[in-house]
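This report concerns only the one structure given below.
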Amino acid sequence: MGNQVSAGDVYYDNSTKTWNVKIISKTTHGILIVGEMHFDDEKTIVYVTPGDQVLKILRSKLKEERVLIDVPADALARIKETVPDVTVYG
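Take 286 as the starting number for the sequence shown in this note's numbering and just add one per residue.
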């Protein structure tokens, strides 16, 4: 898996006071989010999705039939209302 995995989006979770980094996997089906790493303010790792869980998530997502769409941000609310079981990233 090594060279197939890298860092994705980074965001600060004020409730846990951690910087969270998405773990993404580059596949022939696109880029998939397969876990997270959490860092405290001193940049110490406080959580990483375990490797076996990353593989489980990846296998599960590869079995799903999903698509990635590129839409303007102002259209996201309408998509969430219209499409059941949609996940919005970003």
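A virtual CB, placed ideally from N, CA and C, is assigned to each residue, including glycine.
Lysine 307 by DSSP, collapsed to three states: which one?
strand
From this set, Ala360, Val306 and Tyr296, which residue's C-alpha is nearest tyrosine 332's C-alpha?
Of Ala360, Val306 and Tyr296, the residue nearest in Cα terms is Val306.
Quick one, which of Tyr296, Leu361, Leu317 and Asp370 has its alpha-carbon nearest glutamine 289's?
Leu317
Would you mind sorting leucine 343 into buried or exposed? The rule is 16 or more other CB atoms within 10 Å of its CB.
buried
Leaving out five residues before and five after aspartate 294 in sequence, what residues of the same chain have Cβ atoms less than 6 Å from its Cβ?
Lys307
Which of the three DSSP states is assigned to leucine 257 in this structure?
In this structure the chain extends from 286 to 375, so residue 257 is not present and cannot be described.
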